[in-house]
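Quick note, in the numbering used here, the sequence shown goes up one by one and the last residue is 1679.
Even glycine gets a Cβ: it sits at the ideal position worked out from N, Cα and C.
A quick note: this is a predicted structure, and the numbers were derived from the prediction, not measured.
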Amino acid sequence: MQDPRAATTGRRPVDRNGFAFVGRDRELAALLAALAEGPSVVLVEGEAGIGKSRLLREAGLRLTARGTPVLHGACHPLREPLPLGPVVDALRAGAPHFGPDAALGPATAVLAPYVPELADRLPAADPAGAEVVQAHQLMRAVHEVLGALGPAVLIVEDLHWADDATRDLMLLLARNPPRQLRLVLSYRARDLPGSGNVLGPPYRRPVGVLGTEIALDLLTEPQVRELAASAIGFAAAGPLGRELYERSGGLPLVVEEDLLVLTDRETLPTPAGATSMLAGAGVPRGFQEAVNSRIALLGEDARAVVQAAAVVAVPADEALLARVAGLDEERAEAALTTALAADALAERAPGSYGFRHVLARRAVYERIPGPRRRRLHTRAIDALAEHPESALVRIAHHTRQLGDVAAWLPRALAAVEQATEVGDDGVAADLLRQVLAEPTLPAEQRTRSALALSSIAVYRADPVTSELTLRRILADPDLAAHVRGEIRFNLVRALGASNPNIDSRAELELVITELADRPGAAAAALASLAVSSSVNAHGGHIDECLAMTERAVRLAAGSEDPVARADVAANRITVLEFAGDPRGAQLLAELPRRSTDRQVLRQVARALSNAAYDELVRGCDGRARTLLDEAEQLAERVGYQLLASFCGVTRVQLDLYSGHWDGLDERIEAQLREVGEDDTVRVGLLVARATLDTARGRWARAAEHLLPVEAKREEIHDWDVFPAVLVLLARIDLLRGEPAQAWRRVEPVVDFTRAKGLWARPVDLLPTAVRAGLDSGRAEQARRLVAEAESGVAGLVAPGVEADLSWSRGLLAAEREPVTALAHLDRARAGYEAIGRVHTAARVAEQAGRLGLVADPDHPGEAVHRLEDALAVFARLDATADVERCRQALRRTGRLRPEPAGRRSYGDDLSPRERQVAELLATGATNQDIARALSLSPPHRRAPRRRRAAQARGHPRRGPRRPLTG
714 MQDPRAATTG RRPVDRNGFA FVGRDRELAA LLAALAEGPS VVLVEGEAGI GKSRLLREAG
774 LRLTARGTPV LHGACHPLRE PLPLGPVVDA LRAGAPHFGP DAALGPATAV LAPYVPELAD
834 RLPAADPAGA EVVQAHQLMR AVHEVLGALG PAVLIVEDLH WADDATRDLM LLLARNPPRQ
894 LRLVLSYRAR DLPGSGNVLG PPYRRPVGVL GTEIALDLLT EPQVRELAAS AIGFAAAGPL
954 GRELYERSGG LPLVVEEDLL VLTDRETLPT PAGATSMLAG AGVPRGFQEA VNSRIALLGE
1014 DARAVVQAAA VVAVPADEAL LARVAGLDEE RAEAALTTAL AADALAERAP GSYGFRHVLA
1074 RRAVYERIPG PRRRRLHTRA IDALAEHPES ALVRIAHHTR QLGDVAAWLP RALAAVEQAT
1134 EVGDDGVAAD LLRQVLAEPT LPAEQRTRSA LALSSIAVYR ADPVTSELTL RRILADPDLA
1194 AHVRGEIRFN LVRALGASNP NIDSRAELEL VITELADRPG AAAAALASLA VSSSVNAHGG
1254 HIDECLAMTE RAVRLAAGSE DPVARADVAA NRITVLEFAG DPRGAQLLAE LPRRSTDRQV
1314 LRQVARALSN AAYDELVRGC DGRARTLLDE AEQLAERVGY QLLASFCGVT RVQLDLYSGH
1374 WDGLDERIEA QLREVGEDDT VRVGLLVARA TLDTARGRWA RAAEHLLPVE AKREEIHDWD
1434 VFPAVLVLLA RIDLLRGEPA QAWRRVEPVV DFTRAKGLWA RPVDLLPTAV RAGLDSGRAE
1494 QARRLVAEAE SGVAGLVAPG VEADLSWSRG LLAAEREPVT ALAHLDRARA GYEAIGRVHT
1554 AARVAEQAGR LGLVADPDHP GEAVHRLEDA LAVFARLDAT ADVERCRQAL RRTGRLRPEP
1614 AGRRSYGDDL SPRERQVAEL LATGATNQDI ARALSLSPPH RRAPRRRRAA QARGHPRRGP
1674 RRPLTG
């Protein structure tokens, strides 16, 4: 029978399972295309109410229709420190997809207690196995089970609410997905914890893993009208469209809530009446009124269930909702059915009910009268108390809502202890900040809580969120000195590791004094001071820093604290590796990798990560990659969130130097979006991006991103990555023909290197400085610099700087001894190739080719061969400016056929050269920059008439006496 409303309004009834799918066809097509083959990882981002869940539901329906299994899980705002809850829920609901012959290995047996639906297909557990299942065992088991499912899609929604264990699992699946798994993750960027990384550490899609990133935008006004027309008909939607759009701002959920208010009437009001009804909800449109208008139409029992769901705050089963609502089983079932039919609640997972959106829950919760809210929270506590081991966080939450601080504190602290035991630092930190904000907290408990929070801050990517709380604790004059010292030490390390503008030396010296009666902690602080001084522009010579670490080692020898000893060892290795001292590699082999102490292993991970970066800076790229792999794996296992960001930028730089440039721009941009403006790793990412831009002739854009960093030179205390900024800016100056400016850029880096004795780093400083010195009339200074570096690097492990020295000797000899210079350049090229620096080796090959043409123009064969080698590398890397420079040199030899005169027809498209010019203009390049980048003569400067005539007769033009370099 036809709905009577449809006959009178020309509309169809609103489908309670969802409105018409509007404005997302492009995103749906992209999502389905990304999930066509596995493995793949898709990230879907958008604000609350934007339609992420609807998009995923539509994709799931289409995938299911194709026969592809779709498993679905969701994270919730009250995170419980329970093992991998969203994925366990997905596996339980998706159990029917596993056939009886599913190949599940012995490692999956640990899942039996969590996924009883698969118990008959899981292997029997080893009776001699560990009583406590570790998180990594569960993650390995989930990984294997998903792999056994074959082609399948796992959707996990609202990742911004994920607990640390779930986020770690998602990172594992995203970095190393089972061969046929398609992983889809949705999240709200604004609500991501810490520095805003989706998966905790910066994430890049591995080679061979497909996927995409989808960001949902607000609906346009025409799309809002289309959505309204699907619910109330075009006749009514036309006059209402503007009102709906203005009140919603294009947020689909708000539009839908407005439309539900209208369609819950037996007859649709006139457009004027409907507009009046919406206006009565408040202007600007109040989302809360729309939600509660619908709920007001429910019966008393149904409203009670909806209010109970709002208080419980996370999807809950029928029994819990009934207990909180105060209904017996039969009445609760009827009330829940009514609420589901009215779309006030939704079945979020089999047997689990809640709101479709957090905004709807908040709207209901805020309208519950105070006495009623208190009763509901009390009932929730009573119900959850029957299973306290799995509900401590939720019990603490409900107790706090009652305002009963005396009852809340012990429950919150119990929840902190539980979260810490299972390694969920995120839950523990959130609760500790709440606890420390309570003025009635006893002094002894305040001390313990502050120590715990400071310890967590060292390893998390969001230490600033805890800084104000900890600074307030430090200001307490009654705090014991050693407690103050330990809290300060943790805070200084956390902040200093993420912000290069912080000079932590003064506070570290204070920490050493405060920890005088704690030799292990004092030794760790002294070793940290050595690291800080080694990278600080105003710190001492590297020999002084090394001596400081030796004193720390002797002091730590008197401590029985294994974490302190591991901390000192990690810092000692860091300073040795920073200096290029071969003892660093020896000590790396002695790290306590087999320790079962999580804090000790975190120190091991830090030592490995720091060593990986330092090996890279000194040109030991192969060893750097090995150490980085180990550091990343260990950091994931022990929950060292902050370290993941450093590993991410080191990985980018490794791929940059080794010539793995495909997709590197996108990875850099993605990581830049995930780090703060003052984050240490940001500088490294900016240098990597500017290096790519420089090779492609985008000098203006490269300089634009680096000059603001240079302007902060006086503010930056951590000079570990800063020299790379000045060296790259100097290279750009040289390419622009401004050697004096280039020398002014590198002079502070040379002074820093000389004052600190850090000749083993960084690669590319010497040839850039020597070239700037030669071209700006400072040849003697350039020669002295090479001699100092040669002496300073003796006995150190620095193959990259050894290659730099050969290149620099070639530059010095190029004008007077070209044959000797070529030998030096060939040696430099071989050195760079040996360590895997393909682009740098090609730059040297190009210069050697140019020098060969000048030195022996009558026999250009070998020089041409060098240029062709360089051109092949540049072309593979799509290094546009480098390619054009080589092509120009080869054209002059007659070995590269020139382009035919006149413009080839490209129809309405731009020619390749025109595209290059357009791209450079878009980056802010000047005409002079474009001419130099594309190896063109500036249009206003023509060759003298006699030279042009000589060239026309076939006489080659002599090149410059000193070859240009890339």
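Between the alpha carbons of glutamate 1220 and valine 1438 lies a gap of roughly 28 angstroms.
Look at asparagine 889 here: in three-state DSSP terms it is coil, with no helix or strand label. Straight through space, the alpha carbons of glycine 1297 and alanine 832 are spaced by roughly 50 angstroms. The way I'd put it, the region 763 to 780 does touch the region 913 to 932; three or more beta-carbon pairs between them come closer than 8 angstroms. Going by DSSP, arginine 895 is part of the beta strand (DSSP E) stretching over 894 to 900. Only residues of its own chain outside the window of five on either side were considered, and among them Ala1325 and Leu1367 have a CB closer than 8 angstroms to the CB of arginine 1338, listed in chain order. Nearest in C-alpha terms to valine 1276, of all of His1251, Thr1309 and Ala1250, is Thr1309. Counting C-beta pairs with one atom in each stretch, the region 1009 to 1029 and the region 1044 to 1056 have three or more that are closer than 8 angstroms, which means they touch. For tyrosine 1066, the uninterrupted beta strand (DSSP E) segment begins and ends at 1065 to 1067. Valine 1396 and valine 1422 do touch by the CB rule: their CB atoms are close to 6 angstroms apart, below 8 angstroms.
Taking the Cβ atoms as the reference, phenylalanine 1359 lies roughly 6 angstroms from valine 1394, within the contact range of under 8 angstroms.
In the structure shown, alanine 1502 falls within a helical segment according to DSSP collapsed to helix, strand and coil. Beyond the five residues adjoining it in sequence on each side, alanine 1403 comes within less than 7 angstroms, by CB distance, of Ala1415, His1418, Leu1419 and Leu1441 in the same chain, given in chain order. Approximately 5 angstroms separates the beta-carbon atoms of tyrosine 900 and histidine 873; this is inside 8 angstroms, confirming the contact. In this model, alanine 772 and alanine 733 are separated by some 14 angstroms (Cα to Cα). Take the alpha-carbon of aspartate 1464 and the one of serine 1489: they are about 18 angstroms apart.
Less than 7 angstroms divides the Cβ of arginine 1542 from the Cβ of alanine 1554. Partner residues in a beta bridge of glutamate 1134, as assigned by DSSP, do not exist. When secondary structure is reduced to three states using DSSP, threonine 781 falls in the coil class, being assigned neither helix nor strand. Asparagine 1005 sits in a helix when the DSSP states are folded into three classes. For alanine 902, the closest alpha carbon among the candidates Gly913, Ala1592 and Arg739 is that of Gly913. A check of alpha carbon separations from aspartate 881 across Arg1016, Phe1291, Glu1290 and Gln1346 identifies Gln1346 as the nearest. Collapsing the DSSP output to three states places leucine 756 in a strand. The beta carbon of glutamate 1503 sits closer than 7 angstroms to the beta carbons of Leu1518 from its chain, once the five residues preceding and following it are set aside; these are given in chain order. Secondary structure in the region 1405 to 1444: the alpha helix (DSSP H) runs of 4 residues or longer, each lying completely within the stretch, are 1412 to 1424 in chain order. Less than 7 angstroms separates the beta-carbon of threonine 925 from that of alanine 743.
Assigned with DSSP and collapsed to three states, isoleucine 1108 falls in helix. Taking a C-beta distance under 7 angstroms as the contact criterion, alanine 1128 and alanine 1109 qualify as a contact pair. Note on aspartate 1095: under 16 other CB atoms within 10 angstroms of its CB, so exposed under the neighbour-count rule.
Take glycine 1253, set aside five residues on each side of it, and the residues of its chain with a beta-carbon closer than 7 angstroms to its own are Ser1246, in chain order. Here valine 735 carries a coil assignment [DSSP, helix/strand/coil]. Rounded to the nearest angstrom, the gap between the Cα atoms of leucine 851 and histidine 1537 is 56 angstroms. Secondary structure at leucine 1377: helix, using DSSP grouped into helix, strand and coil. Ranked by Cα distance from valine 1018, the options Asn1005, Val1037 and Ser1006 are led by Val1037. Here isoleucine 945 carries a helix assignment [DSSP, helix/strand/coil]. At a cut-off of 4 residues, the continuous stretches assigned as alpha helix (DSSP H) that sit fully inside the region 1198 to 1242 are 1218 to 1227.
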